[in-house]
Amino acid sequence: MGIEAVIFDMDGVRADTEPIHVQSLKALLAENDCELSDREMSEFFGSTDEYMLKIIARRHQLKKSPQLLLAERERRLMRLLEKPMAPMPGVLPLLKGLMQSKCKFALASSSSPEAIKITLKSTGLSGFFKTIVSGNQV
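The sequence shown begins at 408 in our numbering and counts up one residue at a time.
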């Protein structure tokens, strides 16, 4: 039996957005007198921002609430993700091939729904995915 469905991750797979996420997080934390080691940073890859900021705020005893940090993070991240960027090499031909073969495919990401929407738009991929699931939804 052939492949019936494919689920794609977004950050670092559909588009090279991991550096943008890391850059914006480090800048936000630096403004709040907090610095994470690379090891500590890697602990949160694949986590939602909400979960990550709750842990970081508690662990580093930050003065701002996780909710306020999250709102600041979203604003900062949206500005960076709005800039046009190319999808990862091979993504467009793969998606077009899957569409032609009638294979079902979806996008899953730990990013917020807003970040997913903006990233898909800035990479020109927004018309491809009918099913999109954010980590905030599960």
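Where is the CB? At the ideal position from N, CA and C, for every residue including glycine.
It should be emphasised that the depicted structure is a prediction, and the values quoted were computed from it without experimental measurement.
| Check | Outcome |
| --- | --- |
| The alpha helix (DSSP H) enclosing Lys528, as first and last residue numbers | Pro520 to Thr530 |
| Distance between beta carbons of Ser516 and Asp423, contact taken as under 8 Å | Asp423 to Ser516, Cβ: 14 Å. No contact. |
| Nonlocal neighbours in the same chain, by C-beta distance under 8 Å from Ile427, ignoring five residues either side | Leu484, Leu487 and Leu488 |
| Inter-residue spacing [alpha-carbon to alpha-carbon] between Thr526 and Gly409 | 30 Å |
| Asp440 in three-state terms, based on DSSP | coil |
| Beta-carbon proximity of Phe536 to Ala513, cut-off 8 Å | yes |
| Opposing strand residues paired with Lys511 [DSSP bridges] | Ala412 |
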